Amino acid sequence: MIRQIFEGRKPTFHVELAAALAAVVCAVYYAVQANADGCFGVWFLLSLCAGVASIAAHAFLRWEFFLPLAGVFFGAATGFIVHDMLPTLSDVWNGVHFIGGNLTAYIVYTAFALLCAVCAIVCTFLGTERN
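One gets our numbering by counting positions in the sequence shown from 1 and adding 75 to each.
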């Protein structure tokens, strides 16, 4: 079964799987750490999980529809985390502490989500199947 998943795939398929793994790591770390700051947003986590599910569906079912969908979900996750990061960024920029939050963690989450979105979009255009 596992051999069939990797059979006839381009190297971009491995990039796609690496993006899914990075999204899983980011989602787990976010779920564990974000509650400590009191800045937990469920939409970011749901978008990451939906992107990973879309990549998994693409890997098992080989439907090309799921790969651009993963890019959309990861792009939405990037937007959600940037939206959640702005009050904390404003606090740091102005030198006050109204909202709280960990700006460094938000930047890391944004980088992970953006990396996953870019990987999914690039894999969409380059394709993952050998002809």
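The beta carbon of each residue, even a glycine, is placed where N, CA and C say it ideally should be. These figures come from a predicted structure and were not determined experimentally.
Buried or exposed (CB count within 10 angstroms, at least 16 for buried), residue i
i	result
F200	exposed
F135	exposed
A151	buried
I80	exposed
Which of helix, strand or coil DSSP assigns to residue i
i	result
R84	strand
H89	helix
N110	helix
N169	helix
F140	coil
G176	coil
F200	helix
From the options, residue whose alpha carbon lies closest to that of residue i
i	options	result
C101	H172, C194, I80 and C124	C124
G202	E82, R78 and E91	E91
H172	V183, L136, H89 and P162	P162
V103	C194, A188, Q79 and I196	A188
F64	G176, V99, S122 and A98	There is simply no residue 64 to check, as the chain begins at 76 and stops at 206 in what is shown.
Pair within 9 Å by beta-carbon distance, residue i and residue j
i	j	result
L120	A131	no
V197	T87	yes
Beta carbon proximity, residue i to chain C, threshold 9 Å
i	result
T87	Absent here is chain C; the protein component of the structure consists of one chain.
8 Å contact criterion, which residue i and residue j should meet: CB distance rounded
i	j	result
G116	D166	G116 to D166, Cβ: 16 Å. No contact.
G146	A186	No, G146 and A186 are not in contact; Cβ-Cβ is about 16 Å, not under 8 Å.
T153	A192	5 Å
Q149	G126	The amino acid at residue 149 is misidentified as Gln; the sequence shows Phe. Between G126 and F149 the Cβ distance is about 4 Å, and since that is below 8 Å, they are a contact.
L164	L178	6 Å
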